[in-house]
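Comments concern the structure below.
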Amino acid sequence: MGGSRDETKNDIRAIPEILTVTLVEQEKGGVQRDLGTKYLSTLKVHARKPKDVNKTNLMRKLVILISNLRGVSVLRYKERPPKQRRKAFRGTYKITERDYQKSPARKIRLRRNYNRLTKGGPNKGGPFKRVKDDPEWKSAPPGAAGGLEEAEALDKLYEDILIKIGDEHEGLMAFDVQSDLNQQIWDKDDKVYAGVKSALMGIIDEFLEGLEIDVDVKDIIITGSIANYNWSKYSDIDLHILIDFKDVNDNELMVKKFFDAVRSRWNKLHDIRIKGHEAEIYVQDEHEPHTSTGVYSLMKDEWLVKPQKIKPEIDKKTAQKKMNSLIKEIDKLNSFYYNGFYEQSLSMAAHIKEKISRMRKSGLERTGIYSPENLAFKMLRRSGDIEKLFDIYTKSYDKVFSLDQ
21 MGGSRDETKN DIRAIPEILT VTLVEQEKGG VQRDLGTKYL STLKVHARKP
71 KDVNKTNLMR KLVILISNLR GVSVLRYKER PPKQRRKAFR GTYKITERDY
121 QKSPARKIRL RRNYNRLTKG GPNKGGPFKR VKDDPEWKSA PPGAAGGLEE
171 AEALDKLYED ILIKIGDEHE GLMAFDVQSD LNQQIWDKDD KVYAGVKSAL
221 MGIIDEFLEG LEIDVDVKDI IITGSIANYN WSKYSDIDLH ILIDFKDVND
271 NELMVKKFFD AVRSRWNKLH DIRIKGHEAE IYVQDEHEPH TSTGVYSLMK
321 DEWLVKPQKI KPEIDKKTAQ KKMNSLIKEI DKLNSFYYNG FYEQSLSMAA
371 HIKEKISRMR KSGLERTGIY SPENLAFKML RRSGDIEKLF DIYTKSYDKV
421 FSLDQ
């Protein structure tokens, strides 16, 4: 997703035990398809299997490591079945030590080479000429030192591995209520750990220094799911810098657009993680109402709105439906942009952005953080479609205003 395919292949090669990564071209059964901001690609990965490591477990571990690379999602992976089953599997195969060592072709090659080295050549009187007993052309038993497979893996000789890594949106619906706040961020008294606070304030200081304008910061708050009981591994640490927009300029809309552009660029250029959670900066007018059930002031070191542990009723079906509808609109937007209709894609991107903003705001005001609208927004953010939307908006804007007049 985004970035360079060559860089992605290099990232995969950097994973321990992986030796080579090559493209499988379409004429050889692979898929190579440009989807705009994403690229669907079939890769052939050759890895080294350490001794005493189960091959299937190694494969699955490597798939997880590859899936965890930034911008990469493994949709499925498979081994190839043995040679005798290639036709049924349309040319794919899985080779094991037993296949290789006992293949007729290998036995013929061994016998031919043995005869060439021991029953021929210029040394007609050598001792090897009198060799009468041919070896039995058998390899060491499976599991012996230097073998390609472990014995237990060989038992799965005819088991074709074709594993789909979850559903298309698996994990996006992880909105269960936790028993406690995130214990890596909050101490036993539900206060931010001193080390975490220091790191977060350092991020804010760095951001404010880059503004090159003086702003009177009224407060710095943590909000969002990380300040609530619905946190998960996907949760960002939302840092809101509260200022009075009128102190900067009377044109509050212009000030808002300025800070939105600056913080968006800053967030895009930085990937700072605190205890595994990405820190996201927002600049907010102190007079703007903020709907959240958890708000913590870093400057006052206290809760402004303390979260309550409740078991919500989550309408996942409606949230999924709203998400899928917006994904279709974003995909259509993507098509407009990559077909050169930049004015239409700019207008459509602005419309979708406003639509998502209104949808989320209405959901938060009506039923709170577990509203289908807010959950749909969170799933869009987790799936990367929000980032895709903003990316197309920016590129369309640049294209429109870069045209010759």
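In terms of this note's numbering, the sequence shown opens at residue 21 and continues consecutively. A virtual CB, placed ideally from N, CA and C, is assigned to each residue, including glycine. All values derive from a computational prediction rather than experimental measurement.
Return the chain-ordered list of same chain residues with a C-beta closer than 7 Å to the C-beta of residue i, the five sequence neighbours on each side being excluded.
i, result
"Q204", "K295"
"G383", "S391, P392, E393 and N394"
"S416", "Y357, Y362, S365, L366 and A369"
"L60", "V51 and R53"
"N269", "V275"
"V92", "T28 and I86"
"M21", "T57, K58, G91 and G404"
Quick check: the Cα distance between residue i and residue j, rounded to an integer number of angstroms?
i, j, result
"I32", "M379", "39 Å"
"S284", "E27", "24 Å"
"Y357", "V65", "33 Å"
"D267", "A219", "28 Å"
"N354", "I412", "7 Å"
"S317", "I246", "13 Å"
"P327", "T313", "5 Å"
"G236", "H310", "What sits at residue 236 in the sequence shown is Asp, not Gly. Cα to Cα, the separation comes out at about 19 Å."
"V94", "T62", "10 Å"
"L409", "Y97", "29 Å"
"N77", "G215", "37 Å"
"K58", "L324", "41 Å"
"Q46", "E385", "50 Å"
"E226", "E232", "11 Å"
"K381", "N74", "50 Å"
"R80", "G244", "34 Å"
"L289", "F279", "15 Å"
"R293", "D200", "21 Å"
"K277", "H307", "16 Å"
"F257", "T414", "Going by the sequence as given, residue 257 is Ile instead of Phe. In a straight line, the C-alpha of I257 is about 24 Å away from that of T414."
"D234", "V282", "14 Å"
"I347", "L400", "8 Å"
"N271", "S377", "21 Å"
"I223", "I389", "26 Å"
"E37", "N135", "37 Å"
"L228", "A67", "46 Å"
"M221", "K48", "54 Å"
Let's test the definition: count the other Cβ atoms within 10 Å of the Cβ of residue i and tell me whether it reaches 16, buried, or not, exposed.
i, result
"F265", "buried"
"A396", "buried"
"S422", "exposed"
"L39", "exposed"
"N248", "buried"
"K375", "exposed"
"M319", "exposed"
"A339", "buried"
"S345", "exposed"
"I406", "buried"
"Q304", "buried"
"L55", "exposed"
Name, in chain order, the residues that DSSP records as bridge partners for residue i.
i, result
"Q52", "S61"
"Q304", "L262"
"D225", "Per DSSP, none; premise fails for D225."
"I241", "H260 and S317"
"V325", "V315"
"R293", "E298"
"A38", "Reading off the sequence shown, one finds Ile at residue 38, where the question assumed Ala. DSSP output for I38 lists A67 as bridge partner(s)."
"V212", "W206"
"L201", "DSSP lists no partner for L201."
"L43", "L63"
Once the 5 residues before and after residue i are set aside, which same chain residues still bring their CB inside 8 Å of it?
i, result
"S24", "none"
"D207", "Y213"
"K342", "M379, P392, E393 and A396"
"K217", "L318 and D321"
Assuming residue i and residue j make a contact with CB atoms under 8 Å, what is their CB distance in whole Å?
i, j, result
"Y302", "L259", "7 Å"
"G50", "V44", "3 Å"
"D291", "E300", "Their Cβ separation, rounded to whole angstroms, is 11 Å, which puts D291 and E300 out of contact at 8 Å."
"N202", "W251", "5 Å"
"I350", "I334", "That pair is no contact at about 23 Å."
"K419", "D321", "About 47 Å separates the two Cβ atoms, so there is no contact after all."
"V197", "K329", "7 Å"
Going along the chain, which residues of its own chain have a beta-carbon closer than 6 Å to the beta-carbon of residue i, five neighbours each way excluded?
i, result
"E179", "Low local confidence applies: a pLDDT of 33 at E179 is under 50, so the model's placement there is unreliable, with the coordinate-based value given in what follows. For E179, where only same-chain residues beyond five positions count, there are no Cβ hits under 6 Å."
"L85", "I35"
"I242", "Y316"
"G455", "The chain is shown from 21 up to 425; residue 455 falls before or after that span and cannot be answered."
"L89", "D31"
"D239", "L262, S317 and M319"
"V83", "V94 and Y97"
"K352", "none"
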